[in-house]
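The block underneath contains the structure these notes are about, expressed in structure tokens.
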Amino acid sequence: MSPRPSRLLVVAALSFTLLLAGCALRPELREGESAASVSHAAPCPVCEVCPVCKPTIVEPPPAAPPFAAARWDELPNWPGSDGLGPSFQAFLASCQRLTREPAWQAACAAAGQLDGRDEATLRAWFEAHLQPWQLVNPDGSRSGLITGYYEPLLKASRVRKAAYRYPIYAVPDDLIEVDLAGLYPELRHMRLRGRLEGNRLVPYWSRAEWEQRQEKQRDNRAKALVWADDAIDVFFLQIQGSGQVQLDDGSRIRVGYANQNGHPYRSIGRWLLDQGELKPGQASMQGIRNWVKNNPARAQELLDTNPSYVFFRELPVVGDGPPGAMGLALTPERSIAIDPRITPLGVPVWLDTTYPNSEQPLTRLMVAQDTGGAIRGPVRADFYWGSGQAAGAQAGKMSQQGRMWVLLPNGMMPPASAPTR
Numbered sequence: 189m190s191p192r193p194s195r196l197l198v199v200a201a202l203s204f205t206l207l208l209a210g211c212a213l214r215p216e217l218r219e220g221e222s223a224a225s226v227s228h229a230a231p232c233p234v235c236e237v238c239p240v241c242k243p244t245i246v247e248p249p250p251a252a253p254p255f256a257a258a259r260w261d262e263l264p265n266w267p268g269s270d271g272l273g274p275s276f277q278a279f280l281a282s283c284q285r286l287t288r289e290p291a292w293q294a295a296c297a298a299a300g301q302l303d304g305r306d307e308a309t310l311r312a313w314f315e316a317h318l319q320p321w322q323l324v325n326p327d328g329s330r331s332g333l334i335t336g337y338y339e340p341l342l343k344a345s346r347v348r349k350a351a352y353r354y355p356i357y358a359v360p361d362d363l364i365e366v367d368l369a370g371l372y373p374e375l376r377h378m379r380l381r382g383r384l385e386g387n388r389l390v391p392y393w394s395r396a397e398w399e400q401r402q403e404k405q406r407d408n409r410a411k412a413l414v415w416a417d418d419a420i421d422v423f424f425l426q427i428q429g430s431g432q433v434q435l436d437d438g439s440r441i442r443v444g445y446a447n448q449n450g451h452p453y454r455s456i457g458r459w460l461l462d463q464g465e466l467k468p469g470q471a472s473m474q475g476i477r478n479w480v481k482n483n484p485a486r487a488q489e490l491l492d493t494n495p496s497y498v499f500f501r502e503l504p505v506v507g508d509g510p511p512g513a514m515g516l517a518l519t520p521e522r523s524i525a526i527d528p529r530i531t532p533l534g535v536p537v538w539l540d541t542t543y544p545n546s547e548q549p550l551t552r553l554m555v556a557q558d559t560g561g562a563i564r565g566p567v568r569a570d571f572y573w574g575s576g577q578a579a580g581a582q583a584g585k586m587s588q589q590g591r592m593w594v595l596l597p598n599g600m601m602p603p604a605s606a607p608t609r
């Protein structure tokens with residue numbers, strides 16, 4: 189859901205189109221094309237196979253390194269008052285993936301063989317095997333936004349009915365996803381999404397365009413997994429990325445994120461604030477629901493301000509939480525979503541923030557097991573509250589400031605060099 193650099197997208201789209209169409213000569217500037225759109229591409233010589241022109245990446249100015257070495261006694265309220273046990277169990281689950289990294293193998297092996305799980309033993313284990321590193325923003329600040337998310341519970345039917353008419357769609361057949369890492373390793377965190385018009389790759393339909401097309405093509409709709417009873421529930425399901433669905437036949441399934449249309453996420457709460465429809469402090473999930481209830485004729489107008497659209501896949505209901513970005517079940521109040529470009533997935537993170545709409549401290553050992561389109565930057569996290577209405581109430585009002593410390597094995601340097609103390 190994050191914005192993409194427009195010039196790189198143009199170059200990547202051009203390269204992809206050439207690969208699809210086949211070519212023998214280097215591309216020339218065509219009528220209607222901007223010179224800027226190809227200015228980063230090095231000229232390709234005449235060749236027998238389709239050329240791929242690697243873009244020249246303009247490096248941004250240096251920023252503060254995202255990690256600073258820290259001591260255990262600098263972690264506020266370490267090890268906390270609510271117990272390390274659940275967090276340690278979540279960390280052990282992460283070790284299924286972390287052990288693929290040589291630097292984590294010894295620590296994960298030691299964790300699996302730990303005798304005793306009392307608080308004193310767990311605290312001693314963490315302090316003996318791991319080293320804290322505080323996350324730092326590019327401007328040098330060490331505080332950032334901590335939001336919350338949850339797993340919603342929707343009511344739906346396998347068949348469209350009068351009471352169930354809002355679709356939760358599977359990935360459409362015409363959505364094309366290009367992993368740019370195969371062409372440009374420096375773009376390994378970027379994916380290009382679009383659709384074909386002839387032999388051209390063009391942007392995929394925005395939310396408004398998608399909804400309009402589905403209404404016009406009633407007999408040729410994209411595949412709907414289920415039909416829900418509330419459009420706002422479906423919208424918030426897309427924001428959360430996964431949810432449980434109570435079907436009208438009494439059974440229950442889970443749906444999880446499968447893909448997205450490639451358009452950037454835009455906050456409908458921010459739009460309501462900018463339009464003067466809500467006042468600061470009212471743009472929570474509950475506040476947005478109340479606005480829609482009072483303005484039903486404008487509901488679609490509101491939703492269309494977010495061009496991003498998420499597609500889902502059906503999953504069985506297993507474990508306490510939905511699968512996160514690592515494919516592991518999330519642990520309520522112990523899993524967080526982070527920016528994986530900075531914080532490695534699977535690692536323990538000490539979080540220092542406050543409860544939603546409160547000054548009450550919330551300091552807890554979390555595990556970075558998920559990602560999110562709006563989670564960008566070093567000191568930025570989304571706190572997973574769990575499933576159901578109570579979790580949703582907490583998640584919907586959480587927008588706190590906080591600090592974060594990543595815990596890495598002794599001797600392991602973080603992904604970027606750390607600043608001096």
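Read in our numbering, the sequence shown has 469 at position 281, and its numbers run on one by one without any break. Just so you know, even glycine gets a beta-carbon here, dropped at the ideal spot from N, CA and C.
Once DSSP output is grouped into helix, strand and coil, what is the label at residue i?
{"i": "Glu547", "result": "coil"}
{"i": "Pro290", "result": "helix"}
{"i": "Ala140", "result": "Here the chain has residues from 189 to 609 only, and residue 140 is not among them."}
{"i": "Met586", "result": "coil"}
{"i": "Asn387", "result": "coil"}
{"i": "Glu399", "result": "helix"}
{"i": "Gln426", "result": "helix"}
{"i": "Arg381", "result": "strand"}
{"i": "Asp527", "result": "coil"}
{"i": "Ala581", "result": "helix"}
{"i": "Trp260", "result": "helix"}
{"i": "Trp393", "result": "coil"}
{"i": "Arg568", "result": "coil"}
{"i": "Gly431", "result": "strand"}
{"i": "Met473", "result": "helix"}
{"i": "Met601", "result": "coil"}
{"i": "His560", "result": "Checking the sequence shown, residue 560 turns out to be Gly, not His. Of the three classes helix, strand and coil, the one that applies to Gly560 here is coil, per DSSP."}
{"i": "Asn478", "result": "helix"}
{"i": "Ser329", "result": "coil"}
{"i": "Gln301", "result": "coil"}
{"i": "Gln448", "result": "strand"}
{"i": "Pro274", "result": "helix"}
{"i": "Arg552", "result": "strand"}
{"i": "Leu280", "result": "helix"}
{"i": "Ala358", "result": "coil"}
{"i": "Leu596", "result": "strand"}
{"i": "Leu375", "result": "helix"}
{"i": "Arg522", "result": "coil"}
Just curious, the beta strand (DSSP E) that residue i is in, first and last residue?
{"i": "Asp436", "result": "Looking at the DSSP string, Asp436 is not in any beta strand (DSSP E), and its letter there is neither H nor E."}
{"i": "Glu502", "result": "498-503"}
{"i": "Leu323", "result": "318-323"}
{"i": "Ile364", "result": "364-367"}
{"i": "Trp266", "result": "No beta strand (DSSP E) contains Trp266, which DSSP labels as neither H nor E."}
{"i": "Val537", "result": "536-542"}
{"i": "Leu413", "result": "412-416"}
Out of the options, which one is the CA nearest neighbour of residue i?
{"i": "Glu339", "options": "Leu516, Ser430, Ala419, Val414", "result": "Ser430"}
{"i": "Arg440", "options": "Val506, Val390, Ile456", "result": "Val506"}
{"i": "Gly599", "options": "Ala281, Pro290, Glu399, Ala578", "result": "Pro290"}
{"i": "Glu399", "options": "Leu491, Arg388, Pro510", "result": "Leu491"}
{"i": "Ala416", "options": "Ile456, Glu385, Lys349, Arg379", "result": "Lys349"}
{"i": "Trp313", "options": "Gln322, Ala299, Pro326, Val535", "result": "Ala299"}
{"i": "Gly576", "options": "Pro510, Gly457, Gly332, Gln588", "result": "Pro510"}
{"i": "Phe500", "options": "Phe279, Ala396, Gln428", "result": "Gln428"}
{"i": "Pro352", "options": "Ala419, Leu318, Asp462, Gln432", "result": "For clarity, residue 352 is Tyr in the given sequence; the question names Pro instead. Out of Ala419, Leu318, Asp462, Gln432, Ala419 has the C-alpha closest to the C-alpha of Tyr352."}
{"i": "Phe276", "options": "Ile476, Gly304, Ala344", "result": "Gly304"}
{"i": "Leu318", "options": "Lys404, Arg568, Asp306, Val535", "result": "Val535"}
{"i": "Ile563", "options": "Ser345, Arg529, Tyr392", "result": "Arg529"}
{"i": "Val567", "options": "Ala579, Ile334, Ala258, Leu280", "result": "Ile334"}
{"i": "Tyr497", "options": "Pro452, Gln488, Tyr372, Asn478", "result": "Pro452"}
{"i": "Ile476", "options": "Gly512, Phe423, Gly450", "result": "Phe423"}
{"i": "Ala578", "options": "Leu435, Pro544, Ala297", "result": "Pro544"}
{"i": "Leu310", "options": "Glu403, Gln588, Pro267", "result": "Pro267"}
Can you tell me where the alpha helix (DSSP H) holding residue i begins and where it ends?
{"i": "Glu339", "result": "Here Glu339 belongs to no alpha helix (DSSP H); instead the beta strand (DSSP E) covers 332-339."}
{"i": "Leu460", "result": "456-462"}
{"i": "Ala487", "result": "487-492"}
Rounded C-beta distance between residue i and residue j? I'm assuming under 8 Å.
{"i": "Leu539", "j": "Met592", "result": "6 Å"}
{"i": "Met473", "j": "Gly584", "result": "3 Å"}
{"i": "Leu447", "j": "Glu365", "result": "According to the sequence displayed, residue 447 carries Asn and not Leu. Between Glu365 and Asn447 the Cβ distance is about 7 Å, and since that is below 8 Å, they are a contact."}
{"i": "Leu596", "j": "Trp321", "result": "6 Å"}
{"i": "Ser329", "j": "Gly590", "result": "About 12 Å separates the two Cβ atoms, so there is no contact after all."}
{"i": "Thr559", "j": "Ile526", "result": "7 Å"}
{"i": "Gln557", "j": "Ala278", "result": "7 Å"}
{"i": "Ala281", "j": "Leu503", "result": "Not a contact, Cβ separation roughly 17 Å."}
{"i": "Thr531", "j": "Val594", "result": "6 Å"}
Does the count of Cβ pairs from the region 351-363 and the region 403-420 closer than 8 Å reach three?
Contact between the region 351-363 and the region 403-420 is present, because at least three Cβ pairs lie under 8 Å.
State whether the region 548-557 contacts the region 271-286, with contact taken as three or more CB pairs (one from each stretch) at a distance under 8 Å.
In short, these stretches touch, since the Cβ pair count reaches three.
Within 8 Å, do at least three Cβ pairs link the region 481-488 to the region 378-395?
Touching, no.
Quick test of the definition: if touching needs 3 or more C-beta pairs under 8 Å, does the region 519-526 touch the region 457-465?
As far as the Cβ criterion goes, the region 519-526 does not touch the region 457-465, which means the pair count is below three.
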